[in-house]
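Here's the structure we're looking at; comments come further down.
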Amino acid sequence: MPSSLYQTITAPLAGSPPILAPLFSHKVPAGFPSPADDYIEGRLSLDQHLIQHKDATFFVRAKGNSMVGAGIFDGDLLVVDRSLNPSSGDIVIAVLDAELTVKRLIRRDGMVILKPENPDFSEIVLKEGQELQVWGVVTSTTKKFI
């Protein structure tokens, strides 16, 4: 795994005011078009919606396609919470032998496994003497289409 697996790591600015954008009450169908409601339900702050523990949250941009089965694609911005205790099945940002990676953490039969969500990639089963640090649990991902 190259150390350039992630391009940027940033944390939210402490004390920064939330950005409130309109939240429409009408859901947009992904199938056939439907007339939209003409009113706003309220205002939504994405930082308040996506970040539970502001001081323990950072962002990292994914690079590569080992997690496409989990909906994480190259260039996606991952929201990572350092305050959460990683459980088996969580998607985590981990450092294995000084290399960053994003994988699903699996604990099974006394083993620790970093599982990709793409059949083209192999599971990483931790071996005796390997060092694993979990930097945080991925709580959400955002995509930019343009």
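The end of the sequence shown is residue 206 by this note's numbering, with every number in the run present.
Backbone N, C-alpha and C fix where the C-beta goes; we use that ideal spot for every residue, glycine too.
query	result
Near the ligand ZN: Gly124 beta-carbon under 8 Å from a heavy atom	In terms of ligand content, the structure shown is empty, and the ligand ZN therefore cannot be addressed.
Nonlocal neighbours in the same chain, by C-beta distance under 6 Å from Gly129, ignoring five residues either side	Glu177, Asn178
CB-CB length for Glu183 against Lys175, believed under 8 Å	5 Å
Between the CA atoms of Gln190 and Val139 - distance to the nearest angstrom	26 Å
Presumed contact (8 Å Cβ cut-off) between Val162 and Val197, rounded CB distance	Their Cβ separation, rounded to whole angstroms, is 11 Å, which puts Val162 and Val197 out of contact at 8 Å.
Sheet register partners of Thr199 (DSSP bridge)	DSSP output for Thr199 lists no bridge partner at all.
CB of Ile132 within 9 Å of CB of Ala122, strictly	yes
Residue of Arg167, Val152, His113, Phe205 minimising C-alpha distance to Val120	Val152
Span of the beta strand (DSSP E), counted from its first residue to its last, around Lys204	First-last for Lys204: undefined, no H or E at that position.
Beta-carbon proximity list for Pro146, same chain, < 6 Å, skipping 5 on both sides	Val152, Leu165, Val194, Val197
Helix, strand or coil at Asp115 [DSSP, three-state]	helix
Contact check, Asp157 vs Lys203, beta carbons under 9 Å	no
Own chain partners of Ser143 with C-beta closer than 7 Å, once the 5 adjacent residues on each side are dropped	His113, Ala116
Phe205 burial status per 10 Å Cβ neighbour count (16 or more: buried)	exposed
Residues bridged to Val128 [DSSP beta-bridge criterion]	According to DSSP, Val128 bridges with nothing at all.
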